[in-house]
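Read top to bottom, the protein sequences are chains A, B and C. Start counting the first sequence at 2; every next residue gets the next number (our numbering). Start counting the second sequence at 7; every next residue gets the next number (our numbering). Start counting the third sequence at 238; every next residue gets the next number (our numbering). Built from N, CA and C at the ideal position, the CB exists for glycine as well. Quick caveat: nothing in here was measured; it's all calculated off a predicted structure.
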Amino acid sequence: MTTETHALGPHDPLPARPGPDPEAGASIWRLAARRLRRNPGALVGATIIVLFVLVALLAPVLAPYDGQALPGRAQIRPTYIPGPSADHLLGLDRFGGDLLSKLIWGARASLTIGVLSTLLGLAGGLLLGVLAGAFGGWVDMATMRLVDLVLSVPSLLLAVSIAAVIGQSPRAVVIAIGAVQVPVFARLLRGTMLAQRGQEYVLAARSLGLTRRTVTMSHVLPNSLGPVIVQATLMLATAVIEAAALSFLGLGGGSPTTAEWGRMLTVAQNELEVAPRLALWPGACIAVTALGFTLFGEALREALDPKTRTR
Amino acid sequence: MLRLVLQRLALLVPTLLGLSVLLFLWVRALPGGPATALLGERATPAEVARVNALYGFDRPLPEQYLTWLGQLLQGNFGVSTRTGTPVLQEFWLRFPATIELTLMALLFAVGVGIPLGYLAARHQGRALDHVTVGVSLLGVTIPVFFLAFLLKWVFAVQLGLLPSAGRLSSSMIATHPTNFYVLDGLLTREWDAAWDALQHLVLPAVALGSIPLAIIARITRASVIEVQNADYVRTARAKGLRPSRLRRRVVLRNAMLPVATTIGLQVGLLLSGAVLTETVFAFNGIGSFLATAIFSLDYAVLQGFILFIAVIYALANLAVDVSYGLIDPRMRAR
Amino acid sequence: MDAVDGPLLSIRDLDVGFRTDQGTALAVRGASFEVHAGETVAVVGESGSGKSTTAAAVVGLLAPNGSVTGGQIHFQGIDLLRAGRAGIARVRGKEIGLVPQDPMSNLNPVVRVGRQIAETLEDNGVVRGPAARRRAVELLDEAGLPDAAARAHQYPHELSGGMRQRVLIAMGLACRPRLLIADEPTSALDVTVQRTILDHLDTLTADLGTAVLLITHDLGLAAERADRVVVMYRGEVVEQGPALDLLRSPRHEYTRRLSAAAPSLASARLTPARPSPPRDAPDTPDNIVEVDGVTKVFRLRGPGLLGRGRDLTAVDDVSFTIPRGTTVALVGESGSGKSTVARMVLDLLTPTAGEIRFNGRAVSGARRDRAAEVRFRKQVQPVFQDPYSSLDPLYSVHRTIEEPLRAHRLGSPDRRRERVEELMDAVALPLDLLRRYPGELSGGQRQRVAIARALAVDPDLVVCDEAVSALDVIVQSQILHLLADLQQRWGLSYLFITHDLAVVRQIADEVCVVQGGRVVESGPVDQVFEAPREGYTRALLDAIPGRSLDLGARSG
């Protein structure tokens, strides 16, 4: 109770408050990290993410065969696709590729597309959002009208149209998915920046004679990033699913033997009666990856939520 | 209320105009221009010039835009380069299928999602709640086309309970005055046709509806939990309100506000998902038509489709705002 | 216990615990008190004292993670803790009414207010159908809602805060309960509205013979309204007794501090400001700020895209001066425009008309000249109201206080560190808080940090915009003492914005009463307090709770 007494205040000190806070000196981010470690959802999500990222990075080491290789081509019959065996743990696919190897290489392809497109969307969204949030006035007005316009079309359809125009390739998928994320991030960032702008600490900073830019960069922006980071994590899940959808529609380019989860599902579609596992495995991979990002994103949101922050 | 509707309809005009400009520029920004897109990469310069003159692609851009817009306003969405039929005609033929599918999916999502979310919230922390949270999490992470696969494999291939493809069994001969097959069957009193069409709708609708279902259940649950802890609920309990009235008039009505917004947002998801679901179930709607249009770069179809979707999307959100106004008196005053 | 002769409500050794991540925290410990039929008992305490929790426990409406862990609550001889859910439900509304704290959040937003009262009558079996609707209008009328028949058809959002509180009072008394629990019933309202509503509540409950359990943080208000006062502190009842006895001769140390801190009971300025030594000729007053005929008009966006905008005159031809080294208070109710004036003095807003001069130079012109602006900003600093939003949550205390020094490039890093430590000392904060973040500080600590930040650049004028309004009375009093002390030591001038006239008496030399954007009365504090000229000023003064009490000689 050294804290609330003052030489000139009312004089009798009151009984002490509970002892020193063990969490003393922790910023919001460190508190969030601490809360994440106690959240089972976050742990499961993080484990899934780390696992898949490791698989993607170590694909050349882990995969028994190359992603394009067709080691079992000779064993394939029109009505028969060999199942799991000692040589091929998950069996072969329609063209004689090793399913396990293709899943592993597919992790690399899907995660790369997911991460790159989200980074692209994030970068574009940050740029537009900061522009609108920092300048206000007609810049804000114009940016937000454009954002509304783009958001007036469902995102997947927009991505499909963009990818169709750019051409069928993984690059097109990245650009298309990134592009449809831009307005989402832009609007979110602008909204949070606007809310921060009305906070009294921003007025206090302005009263210090800081320039508009300094106030924005050192107070408004850092405090607006929390929701954006949460959204980006959740967006990774959406990006992985949308990437699979686009390549399922054939917009990812490559041949039917390409090791990419969405593409593998397209091919498996015709083998449903012969070998359903060809669809089950890549589908499960997409779902589990998306689950990992979603769980972690939700946990992050909870950890950063001002409502659950200690006051 | 009426003012709100009119206001929102008025706002739709600039949105659609803006979108039409974007769409117009989009096609013209293509490498090689629209003529190349029509004729393919190997077109000779002479052919390109002929097409440019024919379609007016050599006119100044603003003039081209106005011409195009004028045609749009007259209902002329151009001709599909792939099939040679007017885009609008294709739409009228296929659109009912997509609407039918989307409505069924929405019905499924709302009909199951809201009760599920509500019950989960009422039994917070117990088994039903955990199941709901788990299901809603899975619903968000499973790609819609993969779910469509699973359903098709289990219920059509393995169990043989439901048809796996198409809108109607090939053996079924029926007349189609409206192209809404279920409705057609009812109108023409061909009950078996209606029943058959309905059976064909079940799997695609469930597949398409499950992501919205997951989201709606989740929002309902969160909203009910939040409202249950609101000050006015505590006050309502303090004044001795009967539990049934408390749940109906106080909790449920207030909790539905965010749910209404969510349902509106699902329309976009449903329309996107329809493209994928229709592909899996060979359901001859606008979605599968679009999927093929993508590959043949059928611009007239793509342009028309996106404008169409934007209108539907906007109207759906308008409907949500109106229902919002019906539930929430605070919105009515605006 | 005899149901007829015994107390109406009797609370014995009540313990209430809340489950948290860190285990169970006791919010109420061994609380005991009684309420007799027809009597008004006030429970007084700061936030976190357990006063509202005790009230919630009586009606069985604790938060889901809270539960009664010990003791007894008897109502009319029935043990409410053993009556079961149905037993308590029978009592709620019918026997015990509740008037909650915040009129904004306690009415169902989607149901008409008349209907909300009618359903109370129906569900408690009083009357039903059209009769219930007629009775609801009568009750609204009785609660002092003007034009009750028409208002009954309106939704809560269409009514003002005061009207909604009247609806809540009508609701609480609808079934003629024997006990009414009023939990801070007027804290969220403007002072003049507070007074009329409390008066009305008093007469109503007196006429009906209803006992009232009044929960409040304001000792003055409690003493004025209640027969007996129960003082709670950190979950325990530390003292109780007849209201006036308790105020005149408080036995417990906490009660003494509370009554010393209560601004409503204060009668003089904390530390008289030193009259500033005249610098120039005695006949030219040395004013640090001159506000000269300032008007601010905001353009409100009309409804819809093409809706016509509307002008709102927030500040209308306001003039006053702040003599150097003194405190001038602007006092007014919400929406009076007082904060807008503060922001214009801080040059965060530009006046539509008129001029503000600081040290004789126009303020709003400075914005065009970067050097002049920086000079101005160095001399004028704000302290804002909300201790939760006035500090950047990502900045440690050290970085927060150092920021102004960095911004104005004052001193070397070592020198700055020294300066920060000096400032921490000046605002009486221990140095080990320097590494902490705002989220880890109490409201009072945050406000001290905000003051230290404001003082870092050695300003001449500090603008305090409701700087103590969000604090508990004792902390508020500490901050006021701190401000008075700093003024005396450093010769600061203050512009003090507040809605609370009681605070004005403690801190200000001169006061301007603002209503609807205009200054309706101004002058030295003593003069305005003792001989108010305007009716509005008198209404504000009368609204200070506890003013009518004759406490005799007071120490503290």
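Item                                                                                                                                    : Value
Contacts that Thr290 of chain C makes with chain B (C-beta to C-beta distance below 9 Å)                                                : The premise fails here: Thr290 of chain C is roughly 13 Å from chain B at the closest Cβ pair, so nothing lies under 9 Å.
Cβ of Asp695 of chain C within 8 Å of any chain A Cβ                                                                                    : no
Proximal residues of chain A, C-beta to C-beta of Lys615 of chain C below 8 Å                                                           : Gly210
Residues bridged to Ile315 of chain C (per DSSP)                                                                                        : C:Phe312
Per-residue DSSP class, three states only, for Pro675 of chain C                                                                        : helix
Minimum Cβ-Cβ distance from Ser225 of chain A to chain C less than 8 Å                                                                  : no
Beta-carbon contacts of Tyr124 of chain B that lie in its chain and below 8 Å, excluding the five residues immediately before and after : Thr226, Arg227, Val230, Leu258, Ala261
Start-to-end residues for the beta strand (DSSP E) that takes in Lys533 of chain C                                                      : 524-537
Minimum Cβ-Cβ distance from Trp1 of chain B to chain A less than 8 Å                                                                    : The structure shown does not extend to residue 1 of chain B, since chain B is modelled only from 7 to 340, so the question has no answer here.
Inter-residue Cα distance where the pair is Arg683 of chain C and Pro624 of chain C                                                     : 6 Å
Test: Val146 of chain B CB closer than 8 Å to a CB of chain A                                                                           : yes
With 16 other Cβ atoms within 10 Å as the buried cut-off, status of Ala244 of chain A                                                   : buried
Meets three-Cβ-pair contact criterion under 8 Å: the stretch 278-294 of chain C and the stretch 456-471 of chain C                      : yes
Chain A contact for Asp339 of chain C (CB, 8 Å cutoff)                                                                                  : no
Proximal residues to Ala173 of chain A (C-beta, below 6 Å), its chain only, five neighbours per side dropped                            : Ala164, Ile167
Thr241 of chain B at chain C interface by Cβ criterion, 8 Å                                                                             : yes
Where Glu274 of chain A meets chain B, residues with beta-carbon distance less than 8 Å                                                 : Val163
Any C-beta of chain A under 8 Å from that of Val281 of chain B                                                                          : yes
Bridge partners - Tyr81 of chain A, DSSP secondary structure assignment                                                                 : A:Arg78
7 Å Cβ cut-off: residues of chain B touching Met469 of chain C                                                                          : Within chain B, no residue comes near Met469 of chain C; the closest Cβ sits about 21 Å away, beyond 7 Å.
is_contact[Val253 of chain C, chain A] using C-beta, thresh 8 Å                                                                         : no
Selected residue, minimal CA-CA separation from His635 of chain C, among C:Gln618, C:Pro675, C:Arg598                                   : C:Pro675
Interface positions of the stretch 280-312 of chain C facing chain B (Cβ-Cβ less than 7 Å), listed along the chain                      : Val296, Leu298
Terminal residues of the alpha helix (DSSP H) in which Thr91 of chain B lies                                                            : Counting along the chain, Thr91 of chain B falls outside any alpha helix (DSSP H), and DSSP gives it neither H nor E.
Minimum C-alpha distance to Ala297 of chain B - residue among A:Leu55, A:Leu247, A:Trp106                                               : A:Leu247
Collapsed DSSP secondary structure at Leu9 of chain A in the structure displayed                                                        : Residue placement at Leu9 of chain A is flagged as unreliable, the pLDDT there being 31, under the threshold of 50; the coordinate-derived value follows with that caveat. Coil at Leu9 of chain A, not helix or strand.
Proximal residues, the stretch 214-247 of chain B versus chain C, C-beta separation under 9 Å                                           : Gln234, Asn235, Ala236, Asp237, Tyr238, Val239, Arg240, Thr241, Ala242, Arg243, Ala244, Lys245, Gly246, Leu247
C-beta contact flag for Val272 of chain C and Leu410 of chain C at 8 Å                                                                  : no
Start and end residues, beta strand (DSSP E) containing Ser556 of chain C                                                               : 547-560
One or two residues paired with Val620 of chain C in a DSSP bridge                                                                      : C:Cys701
Test: Pro230 of chain A CB closer than 8 Å to a CB of chain C                                                                           : Checking the sequence shown, residue 230 of chain A turns out to be Ile, not Pro. Output row for Ile230 of chain A: interface = no.
Interface residues of the stretch 247-267 of chain B facing chain C [CB-CB below 7 Å]                                                   : Leu247, Arg248, Arg251, Arg255, Val256, Arg259, Asn260
Alpha-carbon to alpha-carbon, Met145 of chain A and Pro23 of chain A                                                                    : Bear in mind that the predicted position of Pro23 of chain A carries a pLDDT of just 42, short of 50, making it too unreliable to give a figure here.
Straight-line Cα distance separating Arg465 of chain C from Cys749 of chain C                                                           : 36 Å
Short Cβ contact (8 Å threshold) for His206 of chain B with Gly166 of chain B                                                           : no
Cutoff 8 Å: Ala644 of chain C Cβ touching any chain A Cβ                                                                                : yes
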